[in-house]
Amino acid sequence: MKSKAIRIDRNGGPEELKLVEVDVGEPGPGEIRVRHHAVGLNFIDTYQRSGLYKLPMPLQLGMEAAGVVEAVGEGVSHLKQGDRVAYASQPPGAYCELRVMPARCVCRLPDAIDFETGAAMMLKGLTAQYLLKKTLPAEGLEPGDHILFHAAAGGVGLIACQWAKALGLQLIGTAGSDAKCQLALDHGAAHCINYSTGNFVEKVKEITGGKGVKVVYDSVGKDTWQGSLDCLRPLGLLAVFGNGSGPVPPIDLGLLAGKGSLYMTRPTLFTHLATRESTQAMANDLFEVVGSGAVKIPIDQRYKLEDVQQAHRDLEARKTTGCTILTL
Ligand code: NDP
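Numbered per this note's numbering, the sequence shown finishes at 524, counting up by one with no gaps.
As structure tokens, then:
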């Protein structure tokens with residue numbers, strides 16, 4: 197069987213993303229073959245393309261998609277032919293029509309959730325889930341607590357704004373323009389700071405009456421991590437979960453002592469998705485908030501699979517908001 201796919205043969209800019217035709221075979225033990233209906237675009241795809249995250253070449257990119265199971269390999273019991281499914285996958289390979297992949301990371305999609313929503317929400321929604329529910333300060337988080345969430349108008353950001361509100365948290369967002377700040381507010385952020393024009397540390401102190409926040413969720417990295425530490429109250433937690441502006445350099449741990457016995461972590465979704473059970477439990481939580489309408493998945497951009505170079509350019513140029521999907 198043949199499938200269109202997007203592949204890179206070496207690290208570099210968006211121009212390295214090439215449309216190719218690949219052969220797709222039968223699933224082996226523990227695998228399924230899935231026909232995609234939509235594919236999710238994620239900022240992590242740009243790290244794998246550029247070489248910030250090194251992976252063997254040639255590389256078929258893409259870590260999120262939704263579709264229908266066409267064939268099931270030996271030993272796969274939780275899926276059958278014809279099931280509607282969605283996934284966040286490691287290793288990558290989702291930029292294609294048809295794919296053979298490990299079944300472990302794939303979940304059945306509830307009937308009420310359409311394929312585009314499924315493709316847009318798995319990697320980003322499961323990330324919001326583990327950040328808000330499992331990446332917590334030593335003192336825990338309670339309704340009414342302030343948290344700071346950078347890049348709040350992005351894919352993970354707009355999901356986190358809504359989910360935090362549903363949990364009763366006062367999410368202070370940051371974003372790169374006034375229009376993006378308005379979008380974050382419209383999605384449930386209690387406050388949003390335009391960090392391209394204002395000092396977010398001062399604004400966070402103002403909003404919290406000088407106390408600071410219990411947690412900062414920072415996916416911007418290089419440009420924000422120092423300010424993020426200054427936004428924390430004593431014993432607060434800085435979770436650096438991305439490198440939007442570049443990675444955080446090696447740091448002197450003494451900094452954390454000087455600013456009030458702070459905690460710092462560098463979490464990744466795939467630790468939380470290590471087993472089928474944990475993946476399904478987290479997905480069920482996501483399906484519930486999306487099914488109930490508490491979290492709506494904002495698909496703000498759609499590109500054809502063939503136009504993936506432009507999708508990468510727009511994502512890296514901060515032109516996108518919310519989620520982006522590739523259509524087939
Ligand atoms: P986004 O839609 O949030 O896009 C990235 C956003 O980062 C931009 O829109 C921009 O928003 C902001 N940004 C700040 N500085 C820069 C810069 N110099 N260049 C480009 N963008 C910048 O992407 P995703 O929702 O796909 O992912 C959000 C982040 O979460 C990414 O950093 C990603 O790597 C990380 N992530 C981490 C995971 C983990 O488990 N560790 C899992 C999933 C995602 P603005 O203009 O408002 O500043």
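Using N, Cα and C, we set each Cβ at its ideal position, and we do this for glycine too.
The model shown is predicted, which means the values in this text are computed figures rather than measured ones.
Contact check, residue i vs residue j, beta carbons under 8 angstroms
i: Thr370; j: Ala386; result: no
i: Thr331; j: Thr461; result: yes
i: Ala525; j: Leu469; result: Because the chain is modelled from 197 through 524, residue 525 falls outside the range shown and cannot be assessed.
i: Leu251; j: Arg203; result: no
i: Glu227; j: Pro298; result: yes
i: Tyr413; j: Ile343; result: yes
i: Cys303; j: Val281; result: yes
i: Gln358; j: Ala490; result: yes
i: Gly236; j: Ala316; result: yes
i: Leu379; j: Ala356; result: no
i: Gly438; j: Val409; result: no
i: Tyr326; j: Met478; result: yes
i: Arg231; j: Leu294; result: yes
i: Leu363; j: Gly518; result: no
i: Pro223; j: Val268; result: yes
i: Val416; j: Leu337; result: no
i: Ala334; j: Tyr459; result: yes
i: Glu270; j: Met318; result: no
i: Gly440; j: Phe311; result: no
i: Gln505; j: Pro210; result: yes
i: Val296; j: Gly208; result: no
Outcome for residue i when other beta-carbon atoms lying within 10 angstroms are tallied against a minimum of 16
i: Thr520; result: buried
i: Lys320; result: buried
i: Ser424; result: buried
i: Thr464; result: exposed
i: Ala513; result: exposed
i: Asn395; result: exposed
i: Val216; result: exposed
i: Ile447; result: exposed
i: Thr420; result: buried
i: Thr471; result: exposed
i: Asp146; result: Given a span of 197 to 524 for the chain in the structure shown, any question on residue 146 remains unanswerable.
i: Gly314; result: buried
i: Lys399; result: buried
i: Asp219; result: exposed
i: Asn480; result: exposed
i: Met253; result: exposed
i: Thr475; result: buried
i: Lys214; result: exposed
i: Leu482; result: buried
i: Pro494; result: buried
i: Leu522; result: buried
i: Thr404; result: buried
i: Gly442; result: exposed
i: Ser199; result: buried
i: Asp307; result: exposed
i: Lys276; result: exposed
i: Gly450; result: exposed
i: Gly263; result: buried
Residue closest to residue i, alpha-carbon to alpha-carbon, out of the options
i: Tyr499; options: Gly353, Gly314, Ala234, Gly208; result: Ala234
i: Ala453; options: Phe466, Ser474, Pro430, Ser441; result: Pro430
i: Asp374; options: Leu428, Lys200, Leu381, Asn390; result: Asn390
i: Gly278; options: Val272, Glu270, Gly289, Glu266; result: Glu266
i: Ser457; options: Glu484, Asp426, Ser474; result: Asp426
i: Gly247; options: Gly221, Ser273, Arg206; result: Arg206
i: His383; options: Ala360, Glu402, Lys401; result: Ala360
i: Gly350; options: Leu522, Thr523, Thr516; result: Thr516
i: Val444; options: Lys455, Leu451, Gly450, Gln422; result: Gln422
i: Ala201; options: Phe311, Asp341, Glu502, Ala507; result: Glu502
i: Val436; options: Leu449, Lys418, Leu451; result: Lys418
i: Lys401; options: Leu428, Arg229, Arg509; result: Leu428
i: Ser392; options: Phe345, Gly372, Leu381, Lys376; result: Gly372
i: Val352; options: Arg509, Ala507, Lys492; result: Lys492
i: Lys455; options: Leu434, Ser273, Pro339, Cys377; result: Leu434
i: Cys377; options: His346, Leu524, Thr467; result: His346
i: Val272; options: Tyr243, Tyr249, Arg229, Gln244; result: Arg229
i: His274; options: His508, Ala507, Glu473; result: Glu473
Check: residue i C-beta below 7 angstroms from any heavy atom of the ligand ADP
i: Glu270; result: Questions concerning the ligand ADP fall outside what the structure shown contains, since the ligands it does hold are the ligand NDP.
Short CB-CB distance (under 8 angstroms) between residue i and chain E
i: Gly321; result: Of the chains in the structure shown, none is chain E; there is only one protein chain.
Original post:
Which runs of the alpha helix (DSSP H) fall wholly inside the region 457-484 and span at least 4 residues, in chain order?
Top reply: 465-468
Subject >> Whole alpha helix (DSSP H) elements within the region 278-349, 4-residue minimum >> reply: 311-330
Subject >> Length-filtered (3 minimum) beta strand (DSSP E) runs lying within the region 402-460 >> reply: 409-414, 428-436
Original post:
Where in the region 216-270 do unbroken runs of the alpha helix (DSSP H), each at least 4 residues long, occur, reported from the N-terminal end onward?
Top reply: 239-246
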